[in-house]
Amino acid sequence: MLLPYLLLGAILFVLGLIGFVTRRNLIIMFLCTEMMFQGIILNLVAFGRYPLKGAPTFDGQVFALFLIAVAAAEAALALALVVLLYRYQGTLDANAYRMLKDE
Amino acid sequence: MPPHPISLSALLPELILLVAGCAVLLLGVATTAHRRRLAPWVTLLALVTAVVVVLFEVLITGRATRPPAAGSGLFYGSLATFVRIAALELGVLLVLVNWSAGREEERGEFLALLLFALTGLLLVAPADNLWLLFLAVELVSIPTYVLVVLSRSNAAALEAGTKYFYLGALSAAVFAYGLSFLYGVSGTASLAATTRAVVLALRDPNSLQGGLAMVGIVLSLGGLLFKIAAVPLHFYVADVYQGASSPVAGLLGFVPKLAGLIAIFKIIALTGFWDTENRAVYWLLWLLAVASMTVGNVLALRQTNIKRLLAYSGVAHAGYMLVGVLAGPLAGKALATDGVSILGNGPAAVLFYIVIYGLANLGAFAVLGLLRTRGGPCETLRDVAGLLRREPGLALLLALAMFTLMGLPPTPGFWGKFALFGSALTASRLTGDTWLIVLVIIAVLNSALAAAYYLRVIAAVLLYENDQPAYAAPREAQSIGALLCGFLILIFTFYPSGLMRAGQHATRELSEPRATAARTESPVASAVDPPFASP
């Protein structure tokens, strides 16, 4: 029963990664990292419920809760940054922000 | 046996920083200006108190290691003590150098975040549990993203902070994904139990567990490479250093890098790499070390902006440190029967090197942060040209920092490289592995290449003429911070053995990692009833 969950977690993670690399809107890019975190959380809960050996433990579920908290902290930071950036340039296109680069 | 919790007094330095961080946050919103001006003093006081507490523990009570706390997830050994002392003392310098960083009305947040990041750094070393390791690394990372944004009130700092944050969030996800597989292989989060399970799984790479363990190791190392700015996650570093204010760029060279390196030690120790010669992990680290050194130095050669130059040189330094990680503590164990030889103890050399690198990098950025030219901050080679005539003290300090980064013989940068490359050569002699010698040759060639751009900065500062030279802003605290950096570099020039011995002592628990296994045996979960019936 473990493998379907791992597969779904991997699909979520890879979809998030592809979205992060290909999309240029800063909010969508952040949501893609959130999707990667959801894949990880699914992975952890699946490993906690169906361990490869031994009895199931709560460790995976505990980390899933902590990860949700970390993801929420990152979401707060991301939205603050997005608001500030929008005030400066009026766009959320990542390509519009190229002030810093090699000469 | 129920797990007995770790006593709160063991966490006293971390608690002091945490409480002081909250106090500083409150001072930042005080209505009167003179109360707001107290914030840096409170920060400094907290760091000094924490240093005194740690030194008291080590010197007076003579107990560097705490009694074992099974299942608490924290293990206070010699590595934790080393990281505490190094982080807190550099923390004092960081506060001095960042004394008036950020906007006037934002100083409370800025210093509170600095304290929170240092708290995270103190927790990385004792973390004895996969989850605590992740949370400690994140506690270092998230405040540093904000510090970059707050360091200057302009669009460049905001852009730098955003880039740093987005890539940081991505790397955190990759790191956590790797940890989830390692947890899956072991079924528990305790590092000692995970080590046994991962070593066992890696013996059979074709099994499901072996595959999952390998994926977990590669992903978690990949996520951590971002923290030490090694190839292939190095491309953000120059933009971030350029956009952040100089003192914060100096912080980025030490706090996230030390956290990342300690976490890398822990992840590599999980594979039993230093005991069992895991070839896949070996080649991964070998290639990353070569790529980081070469790419960092080649990119740095082209820069005229000193902040970008130092950023890319930081990538190269991450590569040198990976040489020491690769050499491992094994050779040191065989050689150092007298207990003083550092040649052959890779991680000890890495710990020595990261402290020296952090000091020299902070010193260089502190000088840059003090200098003004035509009313703006001083950043390019042209800006610092002719500094010797106008500000001889700062010019010599910048030159000293550059010579240390370059690794010129009497400076501690040389001792650090000597120890790093020496440990790799010793390891190759003991194991008969010629590829380590190739690695050292590449590293030495890279050091010579790096001299080219460091010398360009030194020549601009000491030799060139400039009709409008940069001048120093009148800031006492930053001047004191910069001077202390130079002073410490000079101390380690003449007395490197003290720090080396401390590093060697700190890595003892890495070379005999499973002496702690019996103590940290019972994870929290095994003490309670299994939550589910076995499927």
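Protein chains in written order, with this note's numbering: chain A, 46 to 148; chain B, 1283 to 1817.
A virtual CB, placed ideally from N, CA and C, is assigned to each residue, including glycine.
> Which of the residues in the region 130 to 142 of chain A, read from start to end, lie with their CB under 7 Å from any CB of chain B?
Replying inline: Answer in chain order: L130, Y133, Y142.
>> I'd like the list of long-range same chain contacts for B:G1498, defined as Cβ closer than 6 Å, with 5 residues on each side in sequence excluded.
In response: Translated into positions along the second sequence, residue 1498 of chain B becomes position 216. Taken in chain order, the residues that qualify are G1460, F1463, L1464.
> Does the region 1561 to 1580 of chain B come close enough to the region 1595 to 1602 of chain B that 3 or more CB-CB pairs lie under 8 Å?
Replying inline: Output reads yes: the region 1561 to 1580 of chain B touches the region 1595 to 1602 of chain B.
> How would you call B:A1618, buried or exposed, if buried means at least 16 neighbouring beta carbons within 10 angstroms?
Replying inline: By one-based count along the second sequence, residue 1618 of chain B stands at place 336. Reliability of the predicted coordinates at B:A1618 is poor, the pLDDT of 49 falling under 50, and the value obtained from them is presented with this limitation in mind. A buried status is given to B:A1618, since no fewer than 16 other beta-carbon atoms sit within 10 Å of its beta-carbon.
>> Please confirm whether A:V115 has its beta-carbon closer than 8 Å to some beta-carbon of chain B.
In response: Stepping through the first sequence from its first residue, residue 115 of chain A is reached at position 70. Output row for A:V115: interface = yes.
> Taking 8 Å as the CB-CB limit, is B:W1381 close to chain A?
Replying inline: Numbered from its first residue, the second sequence carries residue 1381 of chain B at position 99. Not one chain A Cβ lies under 8 Å of B:W1381.
> For the region 1474 to 1506 of chain B, which residues have a beta carbon sitting closer than 7 Å to at least one beta carbon of chain A?
Replying inline: Answer set for the region 1474 to 1506 of chain B: Q1491.
> If we ignore side chains and look at the alpha-carbon of each, how far apart do B:N1627 and A:R143 end up?
Replying inline: Here residue 1627 of chain B refers to the residue found at position 345 of the second sequence. Here residue 143 of chain A refers to the residue found at position 98 of the first sequence. Using only the alpha carbons, I get a separation of about 43 Å.
>> Residues in the same chain with beta-carbon distance under 8 Å from B:L1494, minus the five sequence neighbours each way, listed in chain order, please.
In response: The count along the second sequence starts at 1 and reaches residue 1494 of chain B at position 212. Closer than 8 Å at the Cβ level, and outside the excluded window around B:L1494, lie F1463, G1466, V1467, A1483.
> What span of residues does the alpha helix (DSSP H) with B:L1772 cover, start to end?
Replying inline: Your numbering for residue 1772 of chain B matches position 490 in the second sequence. Its alpha helix (DSSP H) spans residues 1758 to 1776.
> Among B:G1645, B:L1604, B:W1568, which has the Cα closest to the Cα of B:L1540?
Replying inline: Counting from one through the second sequence, the residue named residue 1540 of chain B turns up at place 258. The shortest C-alpha separation from B:L1540 is found at B:L1604.
> Of all the residues that make up the region 1519 to 1553 of chain B, which are near chain D by a beta-carbon distance shorter than 9 Å?
Replying inline: This model lacks chain D altogether; the protein chains it does include are A and B.
> What are the boundary residues of the beta strand (DSSP E) that includes B:L1653?
Replying inline: Along the second sequence, one-based indexing puts residue 1653 of chain B at 371. Start and end: 1653 to 1655.
>> For B:L1533 and B:L1376, which I take to be in contact (beta-carbon distance under 8 Å), what is that distance rounded to the nearest angstrom?
In response: Position 251 of the second sequence, counted from the start, is the residue given in the question as residue 1533 of chain B. Position 94 of the second sequence, counted from the start, is the residue given in the question as residue 1376 of chain B. Indeed, because the Cβ distance is near 5 Å, the residues count as touching under 8 Å.
> For A:P96, which option in A:K146, A:D147, A:L48 has the closest C-alpha, if you only look at C-alpha atoms?
Replying inline: As a first step, residue 96 of chain A is located in the first sequence; it is residue number 51 there, counting from the start. Among A:K146, A:D147, A:L48, the Cα nearest to that of A:P96 is on A:L48.
> Given that A:N70 touches chain B, what residues does it touch there, using C-beta distances under 9 Å?
Replying inline: Taking the first residue of the first sequence as position 1, residue 70 of chain A is located at position 25. In chain order: nothing, as chain B lies at least about 12 Å away.
> How far does the alpha helix (DSSP H) with B:R1317 in it reach, from first residue to last?
Replying inline: Position 35 of the second sequence holds residue 1317 of chain B. According to the DSSP assignment, B:R1317 belongs to the alpha helix (DSSP H) that extends over 1315 to 1318.
>> List, in chain order, every chain A residue whose beta-carbon is nearer than 8 Å to that of B:W1556.
In response: Working through the second sequence from its first residue, we reach residue 1556 of chain B at position 274. Simply none; closest approach about 25 Å.
>> Mapping the DSSP letters down to three states, classify B:T1363 as helix, strand or coil.
In response: Position 81 of the second sequence holds residue 1363 of chain B. Correct three-state label for B:T1363: helix.
> Is there contact between the region 1759 to 1771 of chain B and the region 1654 to 1673 of chain B, where contact requires at least three CB pairs shorter than 8 Å?
Replying inline: Verdict: no, contact absent.
>> Rounded to the nearest angstrom, what separates B:L1396 and B:G1714 at their Cα positions?
In response: Translated into the one-based positions of the second sequence, residue 1396 of chain B becomes position 114. Translated into the one-based positions of the second sequence, residue 1714 of chain B becomes position 432. In this structure, the CA atom of B:L1396 is about 45 Å from the CA atom of B:G1714.
> Do you know how far the Cα of B:V1666 is from the Cα of B:T1314?
Replying inline: As a first step, residue 1314 of chain B must be located in the second sequence, where it is residue number 32. As a first step, residue 1666 of chain B must be located in the second sequence, where it is residue number 384. B:T1314 and B:V1666: Cα-Cα distance of roughly 38 Å.
> Which residues in chain A sit within 7 Å of B:T1655, going by Cβ to Cβ distance?
Replying inline: By one-based count along the second sequence, residue 1655 of chain B stands at place 373. Below the 7 Å Cβ cutoff, chain A contributes no neighbours of B:T1655, its closest Cβ being approximately 18 Å away.
> My guess is that B:I1510 and B:G1542 are in contact by the Cβ rule of under 8 Å, so how many angstroms apart are they, rounded?
Replying inline: As a working mapping, residue 1510 of chain B is identified with position 228 in the second sequence. As a working mapping, residue 1542 of chain B is identified with position 260 in the second sequence. Rounded, the Cβ-Cβ distance is 4 Å, consistent with contact.
> Using a beta-carbon distance cut-off of less than 7 Å, what residues from the region 1460 to 1471 of chain B approach chain A?
Replying inline: Cβ contacts with chain A: S1462, Y1465, G1466, V1467, G1469, T1470, A1471.
> Between the C-alpha atoms of A:A121 and B:L1679, what's the straight-line distance to the nearest angstrom?
Replying inline: On the first sequence, position 76 is the one that residue 121 of chain A refers to. On the second sequence, position 397 is the one that residue 1679 of chain B refers to. Rounded to whole angstroms, the separation of the alpha carbons of B:L1679 and A:A121 is 40 Å.
> What does a CB cutoff of less than 7 Å around B:F1634 pick up in its chain, not counting 5 residues either side in sequence?
Replying inline: Counting from one through the second sequence, the residue named residue 1634 of chain B turns up at place 352. For B:F1634, the CB contacts under 7 Å within the same chain, skipping 5 residues up- and downstream, are G1698, A1701, L1781, M1782, G1785 in chain order.
> Ordered along the chain, which non-local residues of its own chain (more than five positions away) have a Cβ less than 6 Å from that of B:L1414?
Replying inline: Locating residue 1414 of chain B in the second sequence gives position 132, counting from the first residue. Hits under 6 Å: G1355.
>> Taking the alpha helix (DSSP H) that A:G99 belongs to, which residues open and close that run?
In response: Here residue 99 of chain A corresponds to residue number 54 of the first sequence, with the count starting at 1. Element bounds for A:G99: n/a, residue is neither H nor E.
> Considering A:K146, what are the terminal residues of the alpha helix (DSSP H) in which it resides?
Replying inline: Here residue 146 of chain A refers to the residue found at position 101 when the first sequence is read from its first residue. Careful: A:K146 lies outside any alpha helix (DSSP H) and carries neither H nor E.
> What's the gap between the Cα of B:R1654 and the Cα of B:L1676?
Replying inline: As a first step, residue 1654 of chain B is located in the second sequence; it is residue number 372 there, counting from the start. As a first step, residue 1676 of chain B is located in the second sequence; it is residue number 394 there, counting from the start. Rounded to the nearest angstrom, the two C-alpha atoms are 12 Å apart.
>> Among the candidates B:A1630, B:V1522, B:A1755, whose CA atom is the shortest distance from the CA of B:G1704?
In response: As a first step, residue 1704 of chain B is located in the second sequence; it is residue number 422 there, counting from the start. Answer by Cα proximity: B:A1630.
> Which partner residues of B:Y1465 appear in the DSSP bridge assignment?
Replying inline: For the purposes of this step, residue 1465 of chain B is taken as residue 183 along the second sequence, with counting starting at 1. Answer is none; B:Y1465 lacks a bridge partner.
> Who are the neighbours of B:A1455 on chain A, taking C-beta pairs under 7 Å?
Replying inline: The residue given as residue 1455 of chain B occupies position 173 in the second sequence. Listed along chain A are T78, M81, F82, I85, each with a C-beta nearer than 7 Å to that of B:A1455.
> DSSP puts B:A1409 in a beta bridge; with which residues?
Replying inline: For this step, residue 1409 of chain B is matched to residue 127 along the second sequence. Its beta-bridge partners are B:L1356.
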